[in-house]
Structure formats: C-alpha cells, structure tokens
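Working notes, beginning with the structure itself.
Protein chains: 6
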Amino acid sequence: MKYIINPTFDQTGAIFLCSKEIKENCEIAIFGVPFDGTTSFRPGARFGPAAIREVSVGIESFCPQLKVDLEEINFSDFGSLEIPFGNPLPVINEVEKASKKFFSKGIKPLMIGGEHSITSGAVKAAVESYPDLILLQLDAHADLRNNWLGSKYNHACTMQRCLDYVQSSKVYQIGIRSGTRQEFQEMESKKRLINHLKGQPACALDNILKENLGTPIYLTVDLDWFDPSVLPGTGTPEPGGYYWEDFAAIIDVLKKHNIIAADVVELAPQLDTSSISSIFAAKVVRSLIMLLSQN
Amino acid sequence: MKYIINPTFDQTGAIFLCSKEIKENCEIAIFGVPFDGTTSFRPGARFGPAAIREVSVGIESFCPQLKVDLEEINFSDFGSLEIPFGNPLPVINEVEKASKKFFSKGIKPLMIGGEHSITSGAVKAAVESYPDLILLQLDAHADLRNNWLGSKYNHACTMQRCLDYVQSSKVYQIGIRSGTRQEFQEMESKKRLINHLKGQPACALDNILKENLGTPIYLTVDLDWFDPSVLPGTGTPEPGGYYWEDFAAIIDVLKKHNIIAADVVELAPQLDTSSISSIFAAKVVRSLIMLLSQN
Amino acid sequence: MKYIINPTFDQTGAIFLCSKEIKENCEIAIFGVPFDGTTSFRPGARFGPAAIREVSVGIESFCPQLKVDLEEINFSDFGSLEIPFGNPLPVINEVEKASKKFFSKGIKPLMIGGEHSITSGAVKAAVESYPDLILLQLDAHADLRNNWLGSKYNHACTMQRCLDYVQSSKVYQIGIRSGTRQEFQEMESKKRLINHLKGQPACALDNILKENLGTPIYLTVDLDWFDPSVLPGTGTPEPGGYYWEDFAAIIDVLKKHNIIAADVVELAPQLDTSSISSIFAAKVVRSLIMLLSQN
Amino acid sequence: MKYIINPTFDQTGAIFLCSKEIKENCEIAIFGVPFDGTTSFRPGARFGPAAIREVSVGIESFCPQLKVDLEEINFSDFGSLEIPFGNPLPVINEVEKASKKFFSKGIKPLMIGGEHSITSGAVKAAVESYPDLILLQLDAHADLRNNWLGSKYNHACTMQRCLDYVQSSKVYQIGIRSGTRQEFQEMESKKRLINHLKGQPACALDNILKENLGTPIYLTVDLDWFDPSVLPGTGTPEPGGYYWEDFAAIIDVLKKHNIIAADVVELAPQLDTSSISSIFAAKVVRSLIMLLSQN
Amino acid sequence: MKYIINPTFDQTGAIFLCSKEIKENCEIAIFGVPFDGTTSFRPGARFGPAAIREVSVGIESFCPQLKVDLEEINFSDFGSLEIPFGNPLPVINEVEKASKKFFSKGIKPLMIGGEHSITSGAVKAAVESYPDLILLQLDAHADLRNNWLGSKYNHACTMQRCLDYVQSSKVYQIGIRSGTRQEFQEMESKKRLINHLKGQPACALDNILKENLGTPIYLTVDLDWFDPSVLPGTGTPEPGGYYWEDFAAIIDVLKKHNIIAADVVELAPQLDTSSISSIFAAKVVRSLIMLLSQN
Amino acid sequence: MKYIINPTFDQTGAIFLCSKEIKENCEIAIFGVPFDGTTSFRPGARFGPAAIREVSVGIESFCPQLKVDLEEINFSDFGSLEIPFGNPLPVINEVEKASKKFFSKGIKPLMIGGEHSITSGAVKAAVESYPDLILLQLDAHADLRNNWLGSKYNHACTMQRCLDYVQSSKVYQIGIRSGTRQEFQEMESKKRLINHLKGQPACALDNILKENLGTPIYLTVDLDWFDPSVLPGTGTPEPGGYYWEDFAAIIDVLKKHNIIAADVVELAPQLDTSSISSIFAAKVVRSLIMLLSQN
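Protein chains in written order, with the numbering used here: chain A, 109 to 403; chain B, 109 to 403; chain C, 109 to 403; chain D, 109 to 403; chain E, 109 to 403; chain F, 109 to 403.
What follows is the structure, given as structure tokens:
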C-alpha cells in the first residue's frame, strides 16, 4: 500500500496468520509498535509484535466460538511502525499519525504493542474521527497516574492521557485489580470501574453497553488483565487475574456492538520461555480481528 | 518378561514410581513411545515418556481421591518401544503389535507418548480384541483431518485414523476447542462432541456411559486438553482448556466403567523448564493406573 | 536494632517494599530463613527470601481488597537469619530463638522461608508466649510423617513436629491434597482436615474460627498450597491446587481474628524463570503484613 | 520473483538484515528449509531459519574482517521452502529443485537449515551444474552412516548421500571430532579428514585449495562444528569444538576461492534461551553472503 | 554517609561482598545505575547492579592473581542511584553529579551499569578533576555514532560523547570488533584502536601506558567485550570476543598505573538463566576494586 | 549382582550408554551419589547422576582420541546409592562402604556425584586397599577449609578430609584458581599446586607422574575445574577455567598410568537449560571409563 508513506512501516518481519496482501480496500489493518521505553519493572514488550506473529501459525484460522475463519476476512498486517527510541512522546505521535491515516481511509486499526503508553496516540486519533467514542480498558492496573518517574507519558499514565481526549463518563475500566488508593478512589467516584474484585465483568459490561448500541468503541487490552498463570510473559504480572473464559464472555457481549479500533499491549515474550503467553496473545488477536470484521 | 521378543523395548531408562518387576501375571503394562516425527509446530514429545518417569518420584503413591496406593497395584513399566525414526506408519505398526501382545495375555496397556499419531495403532489392536469398543478422547484439537502436510498418519489425523476401525457412534470427543470449520461440523453432525465451550463434560459423559455399563472403553488423553497454564509443556497449547478438577470429575465417572486401555500423549517436557507439566502428567498416569486396576 | 545480638541477621541483602528503619517500637518483623537442607525433591527454597524482596518493588503498596497501604504500617525487614548448613535442628533452634526475642518485645514475626521444616521453631516459640495458640496450615501436603529420610526434622515432618507443642484439636490443615493413606487417616480421625478435595475452605474456616474470637493464631503458608500454574516455582508442586481468590477469601475471614505470627515458605524461585511465583509470593507477604497489623 | 513457481516459498516470515527486494538480477539467494524430521537426539532445527533472520537486526551490516557492508551486496532472502512433514526424501527433492532453479539463473544459493539431511539435495543440484565440484564440510560429526534408524536420508547419513554424487577425493571433512570407528577409518583411509583433534584446520585447507584455484566449491557448515559454549543451541552438541577465530581463519582462506553455494544447518534456537547461538549463526551467514559475493 | 544528599541513592537492595559501612574516610565507592532506556536490541541492563551484588557471595574475597583480599580494602557500596526513566540525558547528569561528589572527597568511584550511555556522565566529572585523563575502553562495539535512533545519548554514541570531553589522543579503544565502516575508519585514522582482530591487547596496552606512568586513567568495561560464551547475558552479544585470561593480562598491566575511576556496564542478567554472566561480572568488579585500591 | 546387599542401590533410573548387565566379573562399576546437602551457593548436584545417564545416548560410544569403543568395555552401571538426607557424614560412610565392596572384588569404582564432599569416603576406601595411593584433583577450588558453615564434611572441606587419609606429598591439586589466602599458602608451601594461573597442567603432571609409574591413582574431577562457558551447570562456577582440550591432554598423560578409581562431581544440570553441561560431563565419564579399562 504505497500511498501510506508517512509514517513508515518496517515490513521485513513475519506477518500474522492469513493476512492478505496490502490493498486499497483493506478493512482491518494490523500494525506493531515495538516500544517499551518507559517500562519501569521488566522490559521486553518491544518483542511483542514479532512474537505474536511468529506463533500465529500454531493456532487454527477458524474460531469455534464466533464461527468465523480468518481466511474469510479482508485484513492486512502492515508490519511494525518505525519509531525513535527512548522518549515516548514522539512514538505516541507516530501512532496517532498512523491511526489517523487508517481512519481516514475507513480502515479499522488493530495495534499490537509494545507497552501501554502507545494507546493514547491511537485513542486521540480515534476521538477525532469518532467524537462520541467509548473507551473500554481491560487491564490489571488503573494506569491513572498523572506523572510517573518523571514523565506524563509513562505506561502507568496511559489512561490519564486518554482522559485528556475522551470524557470520563465514556471510559470503562474493567476488572482493574492494582493501583494506588487515589487511583481506586478516582475510578470509583467517577463510576468507571467495572467489577472490581468480584463477579463476572461481562454481565456488567453488557448492561452498560446495551444502552449505547451503535456507539463507536475503542477496546484496549493490556494483556496483564489476564492471570499470570495463563500469561506469565508480561512486564508487571499481577496475581488474581482473568482467564480465557472471561475474555470469551466479553467477546460475546462486544460482538453486538460497533468496535472501530482495538489494541493488544504489554506482551513481553522473552519472560515466558514456554511461549504460552505469545500463543494466548495471538488467540486474543484472532478474536479481535473477527470482532472488528463483524459490522 | 522374556516372552515378549518382538516388538522390543528399551529398558535402560528410568521406570515409573512403584512399578513391579516384569512378570507373567502382570495386570497393567506401561510402555513409552518416544515419537514426534509428524509434529508440525513445536517438537519434543519424544522426551515425554522419560520425563514422566523421572518426576514420578516427586508425587505420593497414595491418591486421596480414589483412596488407592500404587504399591497395592500389580503393574509394570516395560520401558520404551524401540522405533524407527521419521516415518509414522512403521511406528504405528509397532504400537499395534505391542498392544496386541498385551491384550492377548490379558494385560491392560497404558501407553505414554510421544505424539498423538501413535494412538491409532493401539486402538486398532484394542478393537480387534474388543469389537464393541468405546473410544473416549480428551483433547484440545479435533484431530479429524484426513490428511495433513502430506500424510494420513500425521498427529492432526489421528482420530480420523481411529474412525477407520471404531464406528463413529462409539467415539466421544470431549471438550474439543480447536479445529477447522469442517471438523466441528463433522463432530456436531455425528453427535460425537461432548460439551464444547461450556458446562462440565463429566456430567454429559456420565449420562452417556451409564447406558453402556460394562462396555470396554479405550481412553486417549492428549495432554493439551488441559489449560496451557497447568500444562505449558506441549507442542500445540490452546488457551481456554481444562483443569485438574475437570479431570478428577471424569475419573469419578470412569471408575464405574470398564476401561481396558489408555494412553497419555503430547507431553513436550523441554518446553516447560519449571517441570510442572511433567509432574501434572505423572499424576494423570497415576490416576489411570488406578482406573485400569479397578475392575 | 542493636539489642538483638543473638541470633544475628545478615542485612546485606535487599529489603521488602516499604520496610521501615529498624526501631524499638517496630510492630511487625519480617525475617528470612534461607534454608533448604532437607528438601527431598527439588532444592532452591534457600533463594526464596531474596527473591520475594527483590520483586516486591514490582507490586503496589496499596491493597484494594484490604484498603490498606504498606506505607502506613510500622514494619521492618530484619534481613535473613544467619544459619549453619545441612543439619535442620540447629536452624530450627535459631528460628525459635529469634521468634522468642520478637515475641518478648511485642513484635509480631513474619518469617519467609526457606523450606517448611523451619516452621516448628517459630511455632514452639509462639506456644510459649501464647499457650492457647491455634495453628492454621495452608499446604498441599500433610507434612505429618514422624520421620522421613532419616530425620525427624525433615520438611515432610514439620506438622508432626508442631504437634509436639500444639494440641491436635487446635490445629487446622486446610485444603491438604497430598499425603500417605496414614496421614489422611490421621487428619480425618482428628478432624483437623478442612475442605479436602472440594468446596471453599474459607467458609469452613469461618465457621470454626468464629467460635474462637480473639484466640491467638499462627498462620503457616506453604506456597505449594497454591496451584502449580500460579506458583510453579516450588520444590514439590502438586496439581489441583488453590488460586489467589481462595487466599483472598481466607484473608477476608482472618482479618476478623487475632493473628500473632505467620510464615510463608517453600518458594524456590529459580524453578520459575518467568518470576510469577516470586511476585505471587510477594503479594501473599503484602497481605500478611496487613493482616498482622490489623489488631 | 514470480518466475519461481515450483517449488514455492513461504514469504510471510521475517527476512535477513539488508536483504534486497527479489529481482531477476539477484546474485545470491538465501532460503530456509525448516525441517528436522530425522533428528535423533534433540529436535528444533526447524526453527533455525526464522531465528537467524529475527536476530540478524542485532548485528552490524559491516564486517571489519572482510571490510564489506551487506548493504553493498545484491542478495535477496526468498523466505522458507514449503515442505511436507516427516519423511526426508520429498524434502531433499524440493531442495534439489529449488537449488537447480537458482543455479540455472546464475544465482548462488545460500541455504539455511533445518537439519543436515537437506544438504544432499543442494549438493546434487550443484554437481549437475558444476561436475568438478569440491565439497567442504565443517562439522562435529562424520555423517557417514549409510543408514541410520531405518533411513538412508537421516541427518547422520548426509555426507554418505553427498558421496553418491561427489567423488570421494573432492570431499574434505574439516575438524570432525565424533563418529564411529568405521567412519573415522573411512575418512582417514580416503584422506578426507582435515586436522582431526589437533592443529589449525585453516592452514591445512589453504594448502589443499591453492592447488585447486578457481574450482567451484560448495561449503556446508553444520553449526555443531563450533564449540557448544559458543553455540549451545544445536541438537547434538559435541564438546571440544571450534571458535569464531577458527571460522574467521577459514573465511580468510576461502575468500581467494570460488564458492558457488553454501549452507548453514542444525541451529536449534529454542535449546539456547540466551540466543547467543542464533546471533552466532547470523554472523556466520553474514560472512557467507560476503564470501559468495566475492567473485 | 549522610553528607551525600543530592543525588540520592536507593539503599534497599543487596550490597557487594565485603562492602564496609559507609563512612567519611571511604576510599572506593561502588554505586549502581539501573538504566537501559536507549538499548536498541535486548533490554535488561537495568537489572545488572542488583544481579552482580546478589551473586557476589558466590565468589571468594581473595584473588590469587593480585594476592589481595576484599576484606582488607576500605570500600563501600552506596546502593543504586535514583534516576528518572526513559530519557538518557537526566540520568547522565545525575551520574555526573554523583561522580563529582565522590571525586571532590577523594573517593574513587566504581560505577555498575546499566547500559553504556551512563559512562559519559562519569567521564565528564573525571575530566573536570583530572584534565589529563586517559580513557580506556574495553568493548565489542565502537560506540562512536554521533546520533542513533534519534538521540545523541544512545548507548551506541557513548564514546563519541566522551570525546566531547577527553581529547582523542588520550582515548584507547581496546579490541573493538563491531562497528560501521566509518567508525573503524575513525578509530584507525586517529590511532585509537588497539589490537583489532588479532594479537594480545595487553602487550600493546603495556607499551602505550608505560610512557604515561602516573597519568590518571578512567577504565570503562562494556561486558560485551568478552566472548558471548563466557558472558551470554548482555544486550548485544558479538561472537569472537575475549576471555577471562585476556582481562587478567590487562589487569596485570594496569596494576602498575593510576586508575582513578572505572565502570562495568551492559550486564543483562535475565538473558542468562545459568547466571554465569553475573558471576563473571562480579569477579570483574572484584578485580577492579583491588585495582582501584592499589595506589 | 545380588551379593551386594549393603549398601543398596536404586536401580529404577536410566543407565549409562553401553552399560553391561551386572555380573560377577564386572571390571568397572559406575554408581551415582545424588547428594547436595552441604552446597552453600546453588544446590542441584543431586540431579547430576540422572542427567549424565540420560544424555549419554546423545554421544557416540567410540572415542577418536583413545580409539576405544564403550561397547568393548566390561563395565556396569549399578544405579544410585540409597542415602539419607541432609547430614553429610552418613552419606560419606555409605560411599566408603560401597567403594570397599567394589575394591574387595577387584572392581574399579567410578562414582558420579552429587557434591564433592562424597569424595572423601571413596578415597578413604581406596587408601585402605592401596596404601601408596596418589590423589589427583581437578578443581576450581582448593576445598581445603577444615570446617565450613559448621561442618567438617562440607564440600568446601573435602580435600582436607582426604588429607586425613592420604599423605600430603601424594596429593596433587591441578589448576586450582579459587580459594582463601591460607588455602593457597598451604598448597604452595606443600608443593601440591600444579600450574596455578598459567601454562598447561598436563605437562607438569606428566613430569610428576613419570617418576611414579605403576603407582595406583585416584582421580577426582570436580566439574567446576572447567570454564563456566563449557560447563555452566555447576553450583559454584568460577571464571577463567579449563577446556575440553586441557582435559584431553591430561587423559593422554594418564593413559600411561594406573588409575584405580575416579569420580566426577558437582554437575547441577538444572542450572543449564541447554544441557551442554550434562553432555560435557557424559563425555568426561566416557573418557574415564576408557581410562579405567586401560590396564
């Protein structure tokens, strides 16, 4: 797809299972953002996009839950965004630029991180195209610090940055189980926290979303939302997390709604030598491609 | 047990916990088949038999669920079948020969893989001795391809090969969660799929089997049926799997029935440096020895 | 805290998150016991204390379940007890001495193992200060052998050693899922076994403890109580274990009671290269610090 | 390069550092053969091609020994040959077909394995184009068995298969340090063994080759020639091997000669979690690209 | 040592073997800089300081080469510098500040990285105190890029940054084996490259230094100078490196000279699960402490 | 071999490559001692015997250096000695008993550890049969402490214990590179240290031994003598060690002499996930079997 010149994508790596050749009429665009410059605990999320693509050949293209086959979907893997190192802001800006290009062509972006800080760039672009955007966050951590270790763009601040663009009442933070006292107070007072420490988040989410049928939704999946037992390969694992079944239940809710973009972040594949984390993440991406293709 | 000359077993490796000296009146025979020649994704199942035996000293010989101690059971570990490399058919033929020898002496075989392709050899031998055989499959994958990567005997075809010998209505595929659209259609139209994507398979299985009291049963356990979190050391891990409790519930059902042979396949121990996969598999084998000794 | 001269602590290692400077009025004392001399299967528990401290920076100091922040608690990490090698009895004696010093100053000890054999030293000291002590054990294994591999002080005998000091009716063994036939018979006949193989242990525990409001409680947490999927880094992993949610439920029960000391043992961090075991253990320690500070 | 239709290459994976777009006038063609079906000890060589490409971004494109930069060389990475599983002969046939296509267009092939059995296909094609071909083998093992584990095409037979096409006096086996008594006798009696157990093989090689200036040479590099300390990620590591310096000395000799094809085989990257093996192999490939471009 | 207030050090981690309590008359100060924000290939150097300290208990305090025991040396481990994340310049500034404090009190600093970019801060401080400073670099890579991935302070630029403060003729780059064509041209034209690709660098170094007896020397040791077989745990391993013997020979030369500061950088311990890299690095640090204490 | 009743051997594990059935006329006896109870740094040597046997199938039975095939040698693997846990003295006593039994029957014992402390038991038995015994030690560490961490039988004291039985002038400590100042003074003053920090130890050894032709020799090989790069899987790796070539040179010397027993200790296989350490150790054992069979 030569008409996307800036930003540029590195296309020398592996591509996701069943990706189609890049064409004008592409409906969904996968792209990687191999950035982990602000990770405070265990780095390695930069290797996430490559790992997800490489192991994708190990899963089937057919999903028995959604009864769809990837072969039938018109999506392309654009490769990984070329980004500068170290400083997060220029990276977030490139993410915003790329996302805008995709939105302007009617292509739904599916971004693969990299660390969570990149989400705010994509969300900023999404809000510009869809001002009434709902933002759904699956995450172990609140990510609501305004500033962390000297930067507003640290991955621990990413939801606070998104709140610079999306109104608070449009943001739902699902199943957060780690944060400061202040972060929990903010989420609870603003009624943004869904199913903290108990119950099934899919039911609560269903109740909320059915009053917003058709509203465009951005879904950000920080993989540490899942329990460390099923996804050990992430920088800040937090015990007591969710399982595949919980995600499948959320997919069952979301398939009735209008998802216009998504991201999957914080896979640090080298922390898990068994590779079950990467395979899990690839199956999450498979579900999201199908979700994005539903309407 | 010198009267088993062909096929031959390599008895230079470790043996399973509490195995008795090999004698004529042995009731249960464990044997390994260290083969992984058709594995398409991640090889290493060849090391499964050795790993299960080595870690077996790390579990107790007493099972609090079944209230049986391995010490009280007359079983022997025959070592690992000597097999040619690369091509699956000669291996499957050796498995068939060995299984026949055991059945002809009234010994119940418990085979430890190796990859799943070896099951069809044992099932063929079992059907010859027990023409009304029921075949139960615990597996993440349907394994119903007729041909895969140029071979009818690939581990992705093993159930289709078993269906060459066992009638379709006698086969139950329990909790399959990965396959092609065609595989799912076949399993559903033939009513072979038990509890796909929901519910407790043990209940459904109980309902089916109680109408077949006394019918001989072959149980094949592809370890990737279990969730990758409890068993990461397998070639094609599939998120969203089953746990020890689900297996224990199935054992509670099966202990009322006539299990005449079983296998445990697809442990790839080197993919899991923590060894919890091998220990899990050894506990599965312990339960199966007890199950085979029940009647 | 210079007045503790014998036993001595090595304070050259890392310390636990938010630990305060060692002072006279300290309320809770963390100390490590890097001993694994009697481990029969897979050693490495000696590295447990160091690993838990190192990864503690990767979790938040605030607990959303208990709504407490570690910063607000007056606890100190005393470092690791200096111990002789090989023979368990002198180590257990040092543990007893250290625990007595802490009890005599009104400090609640929180011991980090190391293998389980060290618990009997701390329990002996606790009984001396609190003769009506209740002992709660979270563990996969009964640990009731009277003698194992030639020693009464092996980690497989630790509960039998504790029973030398605590009366049997005051001991509760929660969720034990591995042992000899004799061990299970003892636990059942003495009514010490809570929720074996089924149900939620927290409910049963609640019923028992509410008749003992205010009675001093010692809680020993052998980390292999948890499922090997969430805690693979332990010497004798046993499939079919408990999860974070089960522990959180127990914490909810215990926060109404009078915990006067606790230990967390059997983390063998090098068996889990992903480090999720150490992070899990650090979160367990965080909960226990908060529990000990409640009254 | 659409005119290569049969055999087909999978181009969805990563490509080697500085690879140029595939064009008619390409001088050197890299291609992968992800096959390890006959590996008798530790499988995983199938992941070799992908691993070498992925880590190639971690080395510089400039070589200070040869004073060449990869950027200046007209080579293309064609991706990985699509191959059937399990049976080696069809794979070897595909390798032969692909190699012939390259030779017929004046392109020098550089094959990345995969296990060593694939070499005989490439050598057969090379001999057809270059009947006076010299074959140089860097390897720990003689690979001269005529039949192994039931197959003539096992990786332990690969040099015997090459000797079906190349005359014995044209074959040099450099630094072999493992084999049967018979294999060593054959190599020594035929004067094919260079510098066994002592001395610097580069000097001996120089003496031999300088009498054959201009003769076309095929170089096969079994990576287990190197010491397991510098390349632990290989299926049959053999202590007492060679180092980078020894390889550099051989490159210094070979750069004066007419290398027309080469291969690099037996990297099993998952056996080395540090990845130094893959990085080492990538540097070997970098040197070989430069060597192939010299004349 | 309370008089060092800014910059601050985190003293909650482990300390190096035989470190003395921090006092006014300290002669040598170890401090860590856990930074890897500009690492382009494989991150993890941030864990270097902690790993070196933890494994230091596994080596002896006596060095048979130098015949010195650490116990006899008046050095203190100050802990790790508290640094902001992501952006290298503020980190380098903190390093400069800390180094100046040490030089101003007559304490010789020994910095443990962290990535190589931090060296320029320490060198800037050293030049201020010692204007005729000689800078010795042991490294696999030239690190002479002026700008890399958008930053002048990337770890690939660190020697270029040092050349902003030290005159080119005072810099010796020892055994560099990786770089761009331009970097090698610069090193060679400026006569800064010692023993590239051949010979023993210790001899050449001896010849150079004996004409500068007494001149203050800063020694920076990028651990990737060593061969990846002895030190696999580093971000950009480069085959063909140096061994302990080569380092010992350099120590034998340097012990006759006036080393006033040193650093050891680029250990990424998690890339090497065997920990031999950390142990190697700890032994390097032991030698450097002894070297710094010589005069 | 039923006449060896006390001590008993566990024969349920794997056996070494080409081991013959146990018979009266056996010439060489391999036995394992899976003990690591006094290891102060990193345990795991208990798994050494099993690992060496398991990987032995991965090496050839023919040795091109010695031109012998294991098939031609009458040796048997007796399995692993059954030992009590924790306390070293009873273990050393069992080793002594077993060794005496072997010597009394004219069988040469080859013991596989386990940690080094076991050597003193075997040496005590050897001296009783061969009063003029020479003891050769290949080791990184002097092991001459008289007492360590509260025990005279710690693995750091093993040579001091041997010196209780063998006269000092008959002991040669080859290539020791780590110890206390006192240990080095003792070795040097007693002229027991061969080739410390320089030169080729094989030459020096040759000079010493040729004046003792025919004298019975016990050879103890602590695997940490080798460089950690070739043998990372050991408890206390020490940089700057020896390579296969150095060992081969020593074998070339020793094959002219009268080796009557040997041991290979301190392999801790789980510390090296690549298994090159175990394979290296198996090749060392292969050489020693051949050496023991020479006269």
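We put the CB at the ideal spot given by N, CA and C, even for glycine.
Closest residue to residue i among the options (Cα-Cα distance)
i	options	result
Ala-357 (chain E)	E:Asp-380, E:Val-392, E:Glu-291, E:His-224	E:Val-392
Asp-330 (chain F)	F:Ile-367, F:Phe-292, F:Thr-266, F:Asp-360	F:Thr-266
Cys-134 (chain A)	A:Thr-116, A:Leu-197, A:Leu-218	A:Leu-218
Asp-251 (chain D)	D:Leu-243, D:Ser-225, D:Ser-127	D:Ser-225
Leu-396 (chain F)	F:Arg-253, F:Leu-257, F:Thr-288, F:Ile-220	F:Ile-220
Residue i, buried or exposed, once every other Cβ within 10 Å from all chains shown has been counted against 16
i	result
Gly-121 (chain A)	buried
Leu-375 (chain D)	buried
Asn-315 (chain B)	exposed
Leu-379 (chain F)	buried
Asn-114 (chain B)	exposed
Gln-281 (chain D)	buried
Asn-262 (chain E)	buried
Lys-318 (chain D)	exposed
Cys-311 (chain D)	exposed
Gly-229 (chain A)	buried
Asp-240 (chain C)	exposed
CB of residue i within 7 Å of CB of residue j, strictly
i	j	result
Leu-271 (chain C)	Trp-333 (chain C)	no
Leu-327 (chain A)	Ala-370 (chain A)	yes
Ser-286 (chain E)	Glu-346 (chain E)	yes
Thr-344 (chain D)	Phe-139 (chain D)	no
Glu-180 (chain A)	Ile-191 (chain A)	no
Interface partners of residue i on chain H, CB under 7 Å
i	result
Thr-120 (chain B)	In the structure shown, chain H cannot be found, because the protein chains are A, B, C, D, E and F.
Secondary structure of residue i, DSSP reduced to three states
i	result
Asp-335 (chain E)	coil
Asn-174 (chain F)	Per the sequence shown, the amino acid found at residue 174 (chain F) is Leu instead of Asn. Coil.
Met-109 (chain D)	Residue placement at Met-109 (chain D) cannot be trusted, given a pLDDT of 45 that sits under 50; what the coordinates show is reported in the next sentence. Coil, per DSSP.
Lys-260 (chain C)	coil
Gly-343 (chain A)	coil
Asp-360 (chain C)	helix
Pro-324 (chain D)	strand
Using a Cβ cut-off of 9 Å, which residues of the stretch 141-173 of chain F contact any Cβ in chain E, in chain order?
Legend: CB atoms of the stretch 141-173 of chain F lying less than 9 Å from CB atoms of chain E belong to residues Ser-148, Phe-149, Arg-150.
Short of 8 Å Cβ to Cβ, which residues in the stretch 370-387 of chain D face chain E?
The residues in question are Thr-381, Ser-382, Ser-383, Ile-384, Ile-387.
Given a limit of 9 Å on CB to CB distance, which residues of the stretch 190-202 of chain C reach chain F?
Residues Ile-191, Pro-192, Phe-193, Gly-194, Asn-195, Pro-196, Pro-198.
Using a Cβ-Cβ cutoff of 9 Å, what residues of the stretch 244-264 of chain D are near chain B? List them in chain order.
If the cut-off is 9 Å between Cβ atoms, the stretch 244-264 of chain D has Trp-256, Leu-257, Gly-258, Ser-259, Tyr-261, Asn-262 near chain B.
For the stretch 286-302 of chain A, which residues have a CB atom closer than 7 Å to at least one CB atom of chain C, in sequence order?
Those would be Ser-286, Gly-287, Thr-288, Arg-289, Phe-292, in chain order.
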